[in-house]
Amino acid sequence: MDVTADTRVADAVAADPDLIARLIALSPLFARLNDPEALRTLASQVTLREAASMAGVPLSDLLTAANAQSPAACQAAYRDAPDEERPNWMTAFAARPSRTLDVRPLIRDGREPFTTLMTAATAMADDEGLVVEAPFNPLPLRGMLGRKGFSSYAERLAPDHWRVYCIRGAAAPPVPSPIRSDFGAPIWREDDGVHIDVRALEAPAPMVAILALADGSDHGGRITVHHRRDPLYLYPELAERGWSWQRVDGEPREFRLVLLKD
134 MDVTADTRVA DAVAADPDLI ARLIALSPLF ARLNDPEALR TLASQVTLRE AASMAGVPLS
194 DLLTAANAQS PAACQAAYRD APDEERPNWM TAFAARPSRT LDVRPLIRDG REPFTTLMTA
254 ATAMADDEGL VVEAPFNPLP LRGMLGRKGF SSYAERLAPD HWRVYCIRGA AAPPVPSPIR
314 SDFGAPIWRE DDGVHIDVRA LEAPAPMVAI LALADGSDHG GRITVHHRRD PLYLYPELAE
374 RGWSWQRVDG EPREFRLVLL KD
């Protein structure tokens, strides 16, 4: 099988079941692929390119794994991957008063860290810093912070431990974002308006994808959301943006919402 960045994870695993072990060697987050339900839902829709972004793993490393390199070789490639360029403002970061937020327990429990992170960030004084401990490089969350006037820098401490430094403002380069604008969530139009399906995404991607769409202009004031669960942490963010919502009938095991711009 010719495996490329646009190959679906499920297709690559179907052609080479040993691929799961090689992916886990890159990041423990891929252990979820051992769950048949996750493989059927998430991996059937996500490409290797998107999986790399969600796990915070370089795409080149995933392609190395997909092309039948050993777990040891994959780990070596992971260690040798180039780090993000360190911005100038990090030189004085240690002198700032700062607080630390560990979102790993939230993500481990399947909870959305978005609201917790944004609450901590917006409470920062201009001279303060925020240190976020995460199990992967949270590019979607960093992108949202960037749009709200924050700068961030991430360093990888271990395959499943990233430390993200955040400050207000600063003349820093934009956060690198190899992910698509829809964060891997299919978006399409029907007679009743725009639809977005986030059922294949893992926290915090569903909330980030929905809010990114809501914050844009290509929705006509109505969005139908196809979700796996009741997104309780999403509602305060929608209300703050002037959106209302109501649940409507959907498919089995689906939580479907219609969002309306007030």
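Everything in the sequence shown is counted per this note's numbering, starting at 134 for the first residue and increasing by one. Backbone N, C-alpha and C define an ideal beta-carbon position, used for all residues, glycine too.
- Looking from the CA of residue 264, the closest CA among 280, 242, 294 and 244 belongs to 294.
- Here residue 329 has 315, 318, 319, 320, 342, 343, 346, 356, 357, 358 and 359 as same chain residues with Cβ atoms under 8 Å from its own Cβ, once five neighbours each way along the sequence are excluded.
- No Cβ-Cβ contact shorter than 9 Å links residue 219 with residue 266.
- Proximity of the segment 250 to 258 to the segment 277 to 287 meets the contact definition, three or more beta-carbon pairs being nearer than 8 Å.
- The secondary-structure analysis by DSSP pairs residue 320 across a beta bridge with 329.
- Secondary structure at residue 380: strand, using DSSP grouped into helix, strand and coil.
- Of the candidates 285, 258 and 269, 269 places its Cα closest to the Cα of residue 335.
- Taken through DSSP and simplified to helix, strand or coil, residue 282 comes out as coil.
- With a cutoff of 9 Å on beta-carbon distance, residue 374 and residue 348 are scored as near each other.
- In the DSSP assignment, residue 231 falls within the unbroken beta strand (DSSP E) covering 231 to 235.
- In this structure, DSSP gives residue 226 a helical state, which the three-state scheme calls helix.
- Around the beta carbon of residue 384, a 10 Å sphere encloses fewer than 16 other beta carbons of the protein chains shown; the residue is thus reported as exposed.
- The Cβ neighbour count for residue 160, taken over all protein chains shown within 10 Å, is at least 16; the residue is labelled buried.
- Between residue 331 and the set 393, 350 and 367, the nearest pair of CA atoms involves 367.
- Going by beta carbons, residue 327 and residue 363 fall outside the 9 Å limit.
- Residue state for residue 262 is assigned as strand, using DSSP reduced to three classes.
- In the three-state reduction of the DSSP assignment, residue 298 falls in the strand class.
- For residue 247, the enclosing alpha helix (DSSP H) stretches over residues 247 to 255.
- The three-state secondary structure of residue 146, taken from DSSP, is helix.
- The three-state secondary structure of residue 155, taken from DSSP, is helix.
- Taking the CA atoms as reference points, residue 386 sits about 7 Å from residue 361.
- Taking C-alpha positions only, residue 183 is separated from residue 140 by approximately 10 Å.
- Residue 223 and residue 298 have their C-alpha atoms some 8 Å from each other.
- Within the DSSP secondary-structure output, residue 288 pairs in a beta bridge with 296.
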